[in-house]
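Numbering (the numbering used here), first residue to last: 50 to 468.
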């Protein structure tokens with residue numbers, strides 16, 4: 050089956066063409082096989098960076114501009130337009146007639162952005178359907194896309210799981226991104242339940258907010274990671290931040306307090322004239338959010354650069370300790386055979402390294418899977434995989450409705466869709 054996938058949940062416009070084979074029945078021995086024919090992503094980082102975060106209306110505008118460009122490249126059609134006109138039936142693209150399934154992200158995410166991808170997919174489906182009555186359209190959960198991203202390989206070759214589900218499941222899956230921190234128990238590929246999630250800030254959101262406190266550009270996660278690596282090897286534990294909820298018996302998370310601890314540390318550091326020049330810091334904590342002025346940051350180019358690296362490293366260590374501790378504890382309790390991590394934060398090399406080390410030392414018989422960076426961050430290939438798995442489950446695929454997790458949904462943007 051050839052799948053055309055569209056992802057526009059936030060600030061990455063992504064389109065992919067993926068070939069899928071196999072089924073969900075492990076007894077059949079064929080497993081699942083995916084071959085990535087095209088996987089294109091148009092980033093908007095430079096556009097949103099001056100604002101310190103994603104601006105929904107700007108993101109929507111860029112999706113409207115980027116989707117036709119990426120789709121034209123996928124289909125090898127020059128001057129592809131959106132809205133889609135009569136060019137589709139008259140197109141000489143050989144690829145169009147080979148598409149069996151269109152998969153599009155319906156949530157969670159920014160609704161103006163989601164609608165752009167959904168409307169594009171609907172119009173494309175309507176045009177292609179007149180020439181291909183077997184064409185299907187399916188709405189996909191962005192979170193399920195991340196959940197299944199471990200099935201993708203780095204290269205555009207067949208990624209094969211040859212009926213080896215018994216060696217993978219049950220599994221513990223950790224989804225970590227700018228919008229979510231969720232721990233799941235996967236009994237098999239299609240049956241899973243949520244064990245816990247963040248009660249306030251997602252870990253990726255916390256990274257972005259701490260990065261702003263340190264004067265680092267958006268997106269904050271990669272900048273924190275780079276700054277933390279600058280910490281001197283002989284100064285590994287000069288700062289200690291709290292590990293919120295790490296020792297509680299549940300599997301929920303909380304990162305708002307960790308962010309506030311960093312804010313207070315910077316305030317105290319600013320007030321210590323022996324360590325650093327006085328800085329103008331104006332901070333206001335409202336609920337779980339901090340409103341920080343641009344003058345509040347302590348630049349790495351100033352005299353506090355060494356302290357900034359220590360702060361970044363200490364913050365990152367605290368956040369990762371919580372994630373790893375709870376994930377491994379869940380793996381032990383539920384006798385998991387594998388630990389899977391996914392989402393944008395999972396691309397952090399330090400997190401992957403610490404996870405591998407902890408799994409090896411504490412759970413040597415447990416497998417560890419982490420996608421390569423391009424499949425951790427938002428992409429359409431993972432949406433194709435999730436769409437195919439939905440298709441294999443025989444879920445209804447009408448133009449205006451879709452079934453997710455046993456519940457029928459209209460094929461509309463669902464910004465708060467949960468897993």
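Built from N, CA and C at the ideal position, the CB exists for glycine as well.
Since we're looking at a predicted model, the values are computed, not measured.
Buried or exposed (CB count within 10 angstroms, at least 16 for buried), residue i
i, result
"residue 382", "exposed"
"residue 376", "buried"
"residue 297", "exposed"
"residue 427", "buried"
"residue 342", "Its pLDDT being 42, under 50, residue 342 is placed unreliably in this model, and the value from its coordinates should be taken loosely. The residue is exposed, with fewer than 16 neighbouring Cβ atoms inside 10 Å."
"residue 421", "exposed"
"residue 227", "buried"
"residue 112", "buried"
"residue 397", "buried"
"residue 156", "buried"
"residue 271", "buried"
"residue 393", "buried"
"residue 240", "exposed"
"residue 308", "buried"
"residue 359", "buried"
"residue 443", "exposed"
"residue 72", "exposed"
"residue 300", "buried"
"residue 267", "buried"
Where residue i sits in the DSSP three-state scheme
i, result
"residue 379", "helix"
"residue 97", "helix"
"residue 235", "strand"
"residue 422", "helix"
"residue 88", "strand"
"residue 302", "strand"
"residue 435", "helix"
"residue 415", "coil"
"residue 66", "strand"
"residue 221", "strand"
"residue 83", "strand"
"residue 185", "strand"
"residue 373", "helix"
"residue 71", "strand"
Delimiting residues of the alpha helix (DSSP H) encompassing residue i
i, result
"residue 309", "305 to 320"
"residue 169", "160 to 178"
"residue 261", "252 to 262"
"residue 399", "398 to 411"
"residue 466", "Taken as a continuous stretch (DSSP letters only), residue 466 belongs to no alpha helix (DSSP H), as it is neither H nor E."
"residue 114", "105 to 124"
"residue 278", "No alpha helix (DSSP H) holds residue 278; DSSP gives it neither H nor E."
"residue 194", "191 to 196"
Neighbourhood of residue i by C-beta distance below 6 Å, restricted to the same chain and skipping five residues each side
i, result
"residue 26", "Since the first and last residues shown for the chain are 50 and 468, residue 26 lies out of range."
"residue 493", "Nothing in the structure corresponds to residue 493, since the chain is present only between 50 and 468."
"residue 335", "Low local confidence applies: a pLDDT of 32 at residue 335 is under 50, so the model's placement there is unreliable, and no value is given."
"residue 361", "273, 276 and 277"
"residue 35", "No answer is possible for residue 35: it lies beyond the span of the chain, which begins at 50 and ends at 468."
"residue 254", "227"
"residue 174", "151 and 186"
"residue 304", "250, 252 and 255"
"residue 401", "419"
"residue 161", "105 and 109"
"residue 195", "224, 391 and 392"
"residue 279", "358"
Sequence-distant residues of its chain with Cβ nearer than 8 Å to residue i (five each side left out)
i, result
"residue 440", "50, 150, 185, 187 and 446"
"residue 103", "59, 60, 93, 97 and 159"
"residue 89", "63, 64, 65, 119, 122, 123 and 429"
Other residues of its chain near residue i: CB distance less than 7 Å, five sequence neighbours each side excluded
i, result
"residue 306", "291 and 293"
"residue 193", "435 and 468"
"residue 87", "65, 66 and 123"
"residue 289", "363"
"residue 373", "403, 404 and 407"
"residue 380", "221, 388, 412 and 415"
"residue 189", "152, 153, 154, 155, 432, 435, 436 and 439"
"residue 243", "231, 233 and 468"
"residue 235", "218, 219, 220, 222 and 241"
"residue 237", "214 and 218"
"residue 370", "292 and 295"
Any C-beta of chain C under 9 Å from that of residue i
i, result
"residue 380", "You won't find chain C in this structure, because it holds only one protein chain."
Residue i, enclosing beta strand (DSSP E) - first and last residue
i, result
"residue 53", "51 to 56"
"residue 243", "241 to 246"
"residue 391", "387 to 391"
"residue 462", "No beta strand (DSSP E) holds residue 462; DSSP gives it neither H nor E."
"residue 154", "150 to 156"
Distance cut-off 8 Å: residue i Cβ against heavy atoms of the ligand ZN
i, result
"residue 278", "With respect to small molecules bound, the structure shown includes none, and the ligand ZN cannot be examined in it."
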